Structure formats: structure tokens, C-alpha cells
Amino acid sequence: MSEIVASNETILVVGGGISGMTAALEAAECGKQVILLEKTPALGGRVSQLYRYFPKLCHPTCGLEINLRRVKANPNLRVLTMAEVTAVSGDAGNYSVKVRISPRYVNENCTACGECEKAVEAEFDDEFNYGLGKRKGAYLPHKMAFPQRYVIDPAIIGTADADKAKEACKYGAIDLDMQEQEIELTVGAIIWATGWRPYDAARIQPYGYDRIANVITSVEFERMADPYGPTGGKLLRPSDGKEAKDIAFIQCAGSRDRNHLKHCSRICCMASLKQSTYVTEKHGEDGKATIYYIDIRAIDRIDDFYRKVKENPNVSFIKSKVANIVEDKETGNPVLRGVDTEGYHRYENPHDLVVLAVGMEPSVPADAFPVDVEINEEGFIEASPDNGAVFAAGCSSDALDVNRAVQSATASALRAIQVINRAAGTEG
Amino acid sequence: MSNMNTAMIEKYRNNFLKEVEANVEEGEWVKMCMQCGVCSGSCPLGPYWDHPPQEIFMMIRAGKREEVLSSSSMWMCTSCYNCIARCPRGLPITHIMHGLAHYADRLGLAPKEQPTRKFAKHFWDNLTKKGRVNELKLGLKLYFMNGFGEGIKTAMKMKDVGLGMWKSKRLSIGELWGGHSIKDTKGLHAILNKAREIEEAKAKKFEG
Numbered sequence: 072m073s074e075i076v077a078s079n080e081t082i083l084v085v086g087g088g089i090s091g092m093t094a095a096l097e098a099a100e101c102g103k104q105v106i107l108l109e110k111t112p113a114l115g116g117r118v119s120q121l122y123r124y125f126p127k128l129c130h131p132t133c134g135l136e137i138n139l140r141r142v143k144a145n146p147n148l149r150v151l152t153m154a155e156v157t158a159v160s161g162d163a164g165n166y167s168v169k170v171r172i173s174p175r176y177v178n179e180n181c182t183a184c185g186e187c188e189k190a191v192e193a194e195f196d197d198e199f200n201y202g203l204g205k206r207k208g209a210y211l212p213h214k215m216a217f218p219q220r221y222v223i224d225p226a227i228i229g230t231a232d233a234d235k236a237k238e239a240c241k242y243g244a245i246d247l248d249m250q251e252q253e254i255e256l257t258v259g260a261i262i263w264a265t266g267w268r269p270y271d272a273a274r275i276q277p278y279g280y281d282r283i284a285n286v287i288t289s290v291e292f293e294r295m296a297d298p299y300g301p302t303g304g305k306l307l308r309p310s311d312g313k314e315a316k317d318i319a320f321i322q323c324a325g326s327r328d329r330n331h332l333k334h335c336s337r338i339c340c341m342a343s344l345k346q347s348t349y350v351t352e353k354h355g356e357d358g359k360a361t362i363y364y365i366d367i368r369a370i371d372r373i374d375d376f377y378r379k380v381k382e383n384p385n386v387s388f389i390k391s392k393v394a395n396i397v398e399d400k401e402t403g404n405p406v407l408r409g410v411d412t413e414g415y416h417r418y419e420n421p422h423d424l425v426v427l428a429v430g431m432e433p434s435v436p437a438d439a440f441p442v443d444v445e446i447n448e449e450g451f452i453e454a455s456p457d458n459g460a461v462f463a464a465g466c467s468s469d470a471l472d473v474n475r476a477v478q479s480a481t482a483s484a485l486r487a488i489q490v491i492n493r494a495a496g497t498e499g
Numbered sequence: 032m033s034n035m036n037t038a039m040i041e042k043y044r045n046n047f048l049k050e051v052e053a054n055v056e057e058g059e060w061v062k063m064c065m066q067c068g069v070c071s072g073s074c075p076l077g078p079y080w081d082h083p084p085q086e087i088f089m090m091i092r093a094g095k096r097e098e099v100l101s102s103s104s105m106w107m108c109t110s111c112y113n114c115i116a117r118c119p120r121g122l123p124i125t126h127i128m129h130g131l132a133h134y135a136d137r138l139g140l141a142p143k144e145q146p147t148r149k150f151a152k153h154f155w156d157n158l159t160k161k162g163r164v165n166e167l168k169l170g171l172k173l174y175f176m177n178g179f180g181e182g183i184k185t186a187m188k189m190k191d192v193g194l195g196m197w198k199s200k201r202l203s204i205g206e207l208w209g210g211h212s213i214k215d216t217k218g219l220h221a222i223l224n225k226a227r228e229i230e231e232a233k234a235k236k237f238e239g
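Quick mapping for you: the protein sequence lines, in order, are chains A and B. Counting from 72, one number per residue, gives the positions in the first sequence under the working numbering. Counting from 32, one number per residue, gives the positions in the second sequence under the working numbering.
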């Protein structure tokens, strides 16, 4: 790896999802030196795992492509993947950051031809598909991965599989002796954009995510709808592989709940409304979606989307937080039990498939931050003067949709630029 | 209707929620309910309630005083605490149900023949006499709660269980005469009388 030159006029961006990419690009396009760190082998984050965006139902791959072009075109921006911050010391305008870079075992010679993947036999749960499918021990994280370079799973190092991969490579791209690296960067400001992760659905005990095969999460459903996803775009029941036509969505699965996440995760109402359109998209008149909700929070311009979905006679709404789910052993159908608020009717409704609209929690647990910042009750970073020149962008600051995350990222880029300008003596 | 009831109607005219907040144990939580319905769906006896907890909370806010206080619903609560465990807002629903039942009873509005209420009264009388529950007497009282004939029938049905308990020294026939007690029953009665005095003084403020 070439030497990374960094100074107190450099901005460090931690996290290469939509927020981190946006913040890094905005700052770099303003002429600032930027280093973008990403923990996984490729940029894009959770947005790259989405099938469609709300409310326009366009494909996130489109925006991702534009951003990746900007990344490739910008000489001010350095991207380090498989890199994780382990420690931060110093003050605003002069930070020293320790970064651990995990070995990829594949160097710059890689052309992404895929021969190593074919040669390797070991298979692992595919993180990109939330474990719904398998990937090989040598793999490209996803179709649009940047850098377009394969990764060797550390689990196959030292096995015959690793040698097979090396042999298969015609370009000498596989380097099985690659070691973990520890580097130290000097930077002036830090943009923290480590994003979110879906709340662990198994902890919502009454919904039986860990017991009932046909109860899945919204992020898994999103992967299923993707034509390049684990089911080729078909909405299939995990229990028997049959097509799911009658699909229930449960809102606030883990959000707005003192037993789980106290906050409203903001995206889930729109996500389920969006996903209800997938049901009609795939099955037409035969597809049926039922949304169980406390109240639908589709604010400002996205309210139009809610109204449009409501007009669809195949989408119905039940105002009720489902109390529990049991499995009909014969059919494999999850049966939803509860009492609705509009009339207090007790129901016991079977569906083909249940999608839990899981909440957003910060991907870094409150006690695991390698940097001294103020964390609020929900685990998000508070905008505090005590944070020095560490600025939160996107979902590390709050539960946000993509639109708002990008706004937040741009704002944090501006804040970081001001610190850098002060360090350079160009601003008072 | 009791004087206290009339006084309360006068005091909280058209604002039953305020009345509940001021007089019912944990009543100040009622306004926090967001009507998600998870309590009603989680209640094991839910199907047997006239109005599940979620509906009771809405009725309180809607000012349906008579319907709520004379309802048998909150007397159906078995204190399993499933609703409290699941309530996303952390409402102490079980306690509110008992609070409402107790308040309704104090006002003389609780349904007289509600079995939980009848049992609760027997239990209380039994316990306060000696400071210990006399299980033999309580059991017999329960058997004969609905008349002599039914009492005999239940007693006959349960005789093997009783005999078994007697043989394994879990039940003493001697309990019928006096029964075991705490060391200082007088002290206990003094405490209970004082508590009653305080409660009645509180209630008196609204009477007259």
C-alpha cells in the first residue's frame, strides 16, 4: 500500500455509506484533502442493499453510480476499505487517529474476473443479503462494489481453498501473506458517519423471528425484492420456498418501545408503504398487503405517497400493534393476534409471510466509540461543543432517511471545512 | 349512591380523566396510553373482558365514568403482568386495573356479584383476623360462596385433595377452631385501623 499523506488540513471521514460518501465528496470537491474509511470491503453501505427508494421508487444503484464516478474522479479523496478506527487522540485541528486495516488478500492487480470465486468451494452466509443466501470464500461484495476487487474470507486462509484461489488467478492478484496493518493518521477534523444497523428482531420475543420461519425483517424483504438478490426478485417464503402473496407488515417492530428502542426510527412507515408496492408489482391483483400500525408517520411531501398507497384496494391498514405471532404448523402461516383500535375487534389473522419493519439503531454501541463524543440516550451522537472537531453525519446522529442523511452529511462537511480553514489560517 | 360518589361527580364534572389521575393508584399514567392495543392482545383473559385495558383508557379519556366504574372488566385482571411487560410506553397497567377496581369499590359502584370482588373480600377478612391466611376456612368459604348445595358438591369433589394435604401435614383440621396467628394481632389491627382512618379522612374531604 502506498504511503498515505495526511496533515492537520486533512478531513477524515469514518464510514463509506451514503452519508460518509456524501460528506467526503462535498469536502473533496471544495478542494479539501479527504480520507474516507470504510470497515467493509466496499463503499455504499446500507443504501446499496436497497431495491428501491421512496417516494419516487427509483433504484439507489443510479445515485450510487453517480457518487462512485465522483469518487473516482476526485484527486483529493483517498478511500481506504476494510479500515477501522481504533483510537483517536488530540484536539480540534490536530487529531491523531489510529486505523487498523484488515487484509483483503487481494491486491490492485485484481480485474474482478471471478476465476478465484469459481475455484473456491467453501461457502458463507452472504452479509450483503442479510444471510438469506450464500457467497463463496472468495467473493465480490456486490455487483457495484467499489473498489471492484475481490476479497478472500479470512476463514479460508491456510486451507486448500486459499491455494486454489491463488492458482486460479491469472493476474497474480492474490497475496495470501497479506497482514493486518496499523497506521496512524494526522487529521484536522473528523466526520463520523458509521450509520445504523437493523434492530435485532429476535429480541422482540412475541413476534417469534427466531422461531417462525416465515417471519422476516424489512431489510431481508428488501433483498428478496431485488432481481439481483438471493431469490432473483421473487417474494418467497423461507419455510417452503412458495411464493408469498398475502404479506403482513408490522410497524414499530422494536421502535417507540421502552423495552427496545425508545425512538421512532422514522424510515419504517415509508419503507413498509414502499414495500407494499413490491407486493402489487410482483403479483398484480393477486398480491395482498396488510399493514399493522400504531400510527402512520409519513411526513410532509411523502404524505402524497401514503395517500397513493391507500388508494390501492389490495393494501389494507389495521390500526393495532400486534400482540403476538404463532405459527400454524400445518400451513407454516404465521398467525397474527391482537386487538384493533378502531372498534376493539379481536383478530387472529393468518398471512403467508410477515415482514417486521425493524427499527434503526446506531451501528456503534454507545460504549464502543473509539472517540470521545457525547452520546444521547438513544445511542446517537449529540451535536455538542464538547465533541471538538468530530462531527456526526447521517444515521450516527439520528434515525434518518436517505434524504435527511445526505442533508446532515453536507452540513457536517461544512463544519469540518471551517475547522480545516482555521487550521490553515485562512479563516479567523 | 354514596355521598362520596356524588361529591366526586360534582368535583370532577366532565373530567373523569382528572378524577382518575387524582384518586386512582397509578392513575396519572392513563394519559400516556397511545392506543396501540398490545395490552389487550396480550391479556390471557382478554376475550372475557367487556372492555380490554386499551378501551378502558380511551373510555376514561372520553369521560365514560359510569361505564368504566361499574364495569366488571378490571376485576378480570389476574395480575399476570403480561401487559406491563409488553407495554411500549411502560404503563403499569395491572396496577391501574387494580386501582380502578378499588376506587369503584370505594364509591360503591363495583358490580356486587363479581366473583373476583367477592373472593377479594373473603380473602381480606380472613387475612386481617389473625395476620395469617387460614387456608382451611378460606377454602370452605369459597366452596360455599355460591350457596350450600354447591358448597357440599365442591367439598365432596375436592375431598381427596384435602385428605392428601392433611396426611402430608399441609392442612390441619385444628385450623377450624381459631387457627394460627401472628404474635401481635392487636398491633396489626392498630396499623390497619390507622390506615383506614387516613383513607377515610381523605375521602371525607369530598363529602358533605
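A virtual CB, placed ideally from N, CA and C, is assigned to each residue, including glycine. Remember, predicted model here, so these are calculated numbers, not experimental data.
Measuring only between beta-carbons, confirm whether A:S391 sits less than 8 Å from chain B.
At a cut-off of 8 Å, the C-beta of A:S391 has a neighbouring C-beta in chain B.
Does B:G67 have its Cβ less than 8 Å from a Cβ in chain A?
In the sequence under discussion, the amino acid at residue 67 of chain B is Cys, which differs from the Gly named in the question. By this cut-off, B:C67 is an interface position.
Among B:E86, B:T159, B:S102 and B:A53, which residue has its Cα nearest to the Cα of B:L219?
Comparing Cα positions, the closest option is B:T159.
For A:D469, which residues of its own chain have a beta-carbon under 7 Å away from its beta-carbon, when the five flanking residues on both sides are left out?
Excluding the 5 residues flanking it on each side, A:D469 has same chain C-beta neighbours closer than 7 Å at F451, in chain order.
N-terminal and C-terminal residue of the beta strand (DSSP E) that A:V406 is part of
Counting along the chain, the beta strand (DSSP E) containing A:V406 begins and ends at P405 to V410.
Between B:A116 and the ligand COA, is there a pair consisting of the residue's CB and a ligand heavy atom that are separated by less than 7 Å?
You won't find the ligand COA in this model; it holds no ligand whatsoever.
Quick one, are the C-beta atoms of A:A239 and A:G88 less than 8 Å apart?
Here A:A239 is not near A:G88, since their CB atoms are 8 Å or more apart.
Counting only Cβ pairs nearer than 9 Å, list the residues of chain B close to A:Y415.
Proximity of chain B to A:Y415 at the Cβ level (cut-off 9 Å) is accounted for by G68, S71, H82, P83, Q85, E86 and M89, in chain order.
Tell me A:Q104's beta-bridge partners as DSSP assigns them.
A:Q104 pairs with A:T81.
Cβ of A:S73 less than 8 Å from any chain B Cβ?
Note that A:S73 scores a pLDDT of 48, beneath 50, so its modelled location is shaky; the value from the coordinates is reported in the next line. For A:S73, no CB of chain B lies under 8 Å from its own CB, so it is not counted at the interface with that chain.
Simplified DSSP assignment, three categories, for A:L114:
Looking at A:L114 - three-state DSSP - the assignment turns out to be coil, as it is neither helix nor strand.
Could you list the residues in the region 412 to 443 of chain A with a C-beta less than 8 Å from some C-beta on chain B, going in chain order?
Listed by position, the residues of the region 412 to 443 of chain A near chain B (Cβ gap below 8 Å) are T412, Y415 and R417.
Would A:D328 pass as an interface residue toward chain B - the criterion being a Cβ-Cβ separation below 8 Å?
True, the Cβ-Cβ gap to chain B drops below 8 Å.
Got a sec: is the Cβ-Cβ distance from A:V410 to anything in chain B below 8 Å?
Yes - at least one Cβ of chain B is within 8 Å of the one on A:V410.
For a contact defined as C-beta to C-beta under 8 Å, what are the partners of B:R120 on chain A?
Identification of chain A residues near B:R120 by a Cβ-Cβ cut-off of 8 Å yields R329, ordered along the chain.
Taking the DSSP output, what are the residues bridged to A:D162?
Here A:D162 is bridged, per DSSP, to A:N165.
According to DSSP, is B:Y43 helix, strand or coil?
B:Y43 carries a coil assignment under DSSP once its states are collapsed to helix, strand and coil.
Top-ranked residue by Cα proximity to A:N458, from A:Y166, A:H354, A:V142 and A:C187:
Selected option, being the one with the closest Cα: A:Y166.
Rounding to the nearest angstrom, what Cα-Cα distance links A:V393 and B:V69 in this structure?
In a straight line, the C-alpha of A:V393 is about 6 Å away from that of B:V69.
Beta-carbon proximity list for A:I362, same chain, < 6 Å, skipping 5 on both sides
Once the five neighbours on either side are set aside, the close Cβ partners of A:I362 are F320, S343 and F388.
Length of the line joining the Cα atoms of A:S310 and A:H422:
Using only the alpha carbons, I get a separation of about 13 Å.
Should A:I283 and A:E401 be called a contact, given that it needs their Cβ atoms to be closer than 8 Å?
Not a contact, by the Cβ cut-off of 8 Å.
Exposed or buried, which one is A:Y278 when buried takes at least 16 other CB atoms within 10 Å?
Classification for A:Y278: buried.
Name the two residues that bound the continuous alpha helix (DSSP H) containing B:W1.
Since the displayed chain B opens at 32 and closes at 239, residue 1 of chain B lies outside it and no answer follows.
Quick check on A:L203: does DSSP put it in helix, strand or coil?
The DSSP-derived three-state label of A:L203 is coil.
In the DSSP assignment, find the alpha helix (DSSP H) that holds A:D423 and state where it starts and stops.
Run containing A:D423: none; DSSP gives neither H nor E here.
B:A38 to B:R44, Cα distance in whole Å?
Rounded to whole angstroms, B:A38 to B:R44 spans 10 Å at the Cα level.
Which partner residues does B:Y134 have in the DSSP bridge list?
In DSSP, B:Y134 forms no bridge with anything.
CB-CB under 7 Å to B:C118, same chain, minus the five flanking residues each way: which ones, in chain order?
Beyond the five residues adjoining it in sequence on each side, B:C118 comes within less than 7 Å, by CB distance, of V69, C70 and I124 in the same chain, given in chain order.
Using the three-state DSSP reduction, which class does A:T257 fall into: helix, strand or coil?
Assignment of A:T257 by DSSP, reduced to helix, strand and coil, places it in the strand class.
From which residue to which residue does the alpha helix (DSSP H) around B:R227 run?
Residues T216 to K235.
CB contact flag (A:Y201, A:E432, <8 Å)
Contact flag unset, no.
Other residues of its chain near A:D246: CB distance less than 8 Å, five sequence neighbours each side excluded:
Counting only Cβ-Cβ distances below 8 Å, and skipping sequence neighbours, we find Y176, V177 and N178.
So, does the CB of B:G180 fall closer than 8 Å to a CB anywhere in chain A?
Not one chain A Cβ lies under 8 Å of B:G180.
With a 10 Å radius around its C-beta and 16 neighbouring C-beta atoms as the bar for buried, classify B:L76 as buried or exposed.
By the 10 Å Cβ count, B:L76 comes out exposed.
For A:R277, which residues in chain B fall below 8 Å Cβ to Cβ?
Here residue 277 of chain A turns out to be Pro, not Arg, going by the sequence shown. Listed along chain B, the residues sitting closer than 8 Å to A:P277 by beta-carbon distance are S73 and R117.
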